[in-house]
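First residue of the sequence shown? That's 1 in full-length UniProt numbering, and the numbers climb one at a time after it.
See below for the structure under consideration.
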Amino acid sequence: MADITASAVKAFRERTGLPLMDCKKALTEAGGDEEKAVKLLRERGEQLADKRSDRETAFGRFGLYIGTDKKTGAMVELLCESAPVTTNEDFVKLADELATQLATGPGADSAEELLKQPAPSNPDITLGEMKSDLFNRIREVFNVGRMVRVDSTCGGYMHHAGTTAGVLVEIEGGNDAAAKDVAMHTAAMKPEALDADSLDPAVVEKEREILKAAALAEGKPEQIVEKMVEGRLRNFFAERCLLSQPFVKDDKQTVGEYAKANGMKVKNFWHWVIGEKAEG
1 MADITASAVK AFRERTGLPL MDCKKALTEA GGDEEKAVKL LRERGEQLAD
51 KRSDRETAFG RFGLYIGTDK KTGAMVELLC ESAPVTTNED FVKLADELAT
101 QLATGPGADS AEELLKQPAP SNPDITLGEM KSDLFNRIRE VFNVGRMVRV
151 DSTCGGYMHH AGTTAGVLVE IEGGNDAAAK DVAMHTAAMK PEALDADSLD
201 PAVVEKEREI LKAAALAEGK PEQIVEKMVE GRLRNFFAER CLLSQPFVKD
251 DKQTVGEYAK ANGMKVKNFW HWVIGEKAEG
């Protein structure tokens, strides 16, 4: 059996961030080979993670890859068990790495597929191995939740540093500041759709019928009811559609008007809240 020195254990501990005894045991079993020891630790961590896989992951954060200087954009949800972990430096880095690889790599249809890809900051390991190493240090279950890649320029915003809500906005033209403003508005006002054409036609038709019935009940002449209904529908759209909503920083203009003034076209958006299903 190899003689494992205290300095070797200390150096390995600094590399892995794991408890001293865990490092010593792994190095001893690996005969002093650090790479084998890392593999042993990952395998044990995966076994433990599997046993804890049924634990609730109600907290988390979003990783964003955005910028008007980029041709793609992405948002990835990374979930964990407790609130303090959401601000852990390595947890934040993992969320960012996931989003970066999703946007700049070949893409992925599932979390499993993404985790098999290399970590952007260290191509010698996969994102899955990066996730396993983090589990070994923190001993909390991490799950990759929703993720979206957009093959277009994107802006975005993360509410409460990304620990409660994240917004990704697909844009054309404009600038990062204007894109962030639109994303912040989205987080605050929670629109249901981009514009009237994006709303469920059945929902719009139902609202139209309700408004028509109300107008007739008010005793309005039938010949002006249709015009009244269309006018009131504009208020309906202003409540639910991003581009029609009064802009939160200046309610004298709509979001669509603000975007246009900044030479920007808003093409789509995704607004996600940690642990909830996406609304857009």
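C-beta atoms are modelled at their ideal positions from N, C-alpha and C, and glycine is treated no differently.
Look at the beta carbons and you see the region 93 to 112 touching the region 68 to 75: at least three pairs across the two are nearer than 8 Å. According to the DSSP secondary-structure assignment, Ile171 is paired through a beta bridge with Val266. Across the structure, Glu226 and Lys212 are spaced so that their CA atoms are roughly 7 Å apart. The alpha carbon of Val273 has as its nearest neighbour, out of Gly166, Met189 and Glu222, the alpha carbon of Gly166. Between Glu205 and Arg234, the alpha-carbon positions lie close to 13 Å from each other.
Beta-carbon to beta-carbon, Val144 and Val85 are separated by about 15 Å, too far to satisfy the 8 Å threshold. Across the structure, Ala179 and Ile210 are spaced so that their CA atoms are roughly 36 Å apart. Note on the region 185 to 216: there is no whole beta strand (DSSP E) run with a minimum of 3 residues. Within the region 56 to 135, the runs of alpha helix (DSSP H) that reach at least 4 residues and sit entirely inside it are, in chain order, 89 to 104 and 111 to 115. The C-beta of Met264 has 16 or more other C-beta atoms within 10 Å across all chains shown, which makes the residue buried. Gln223 sits in a helix when the DSSP states are folded into three classes. For Glu239, the CB contacts under 8 Å within the same chain, skipping 5 residues up- and downstream, are Gln245 in chain order. The beta carbon of Asp96 sits closer than 7 Å to those of Gly63, all from its chain and outside the five residues before and after it, given in chain order.
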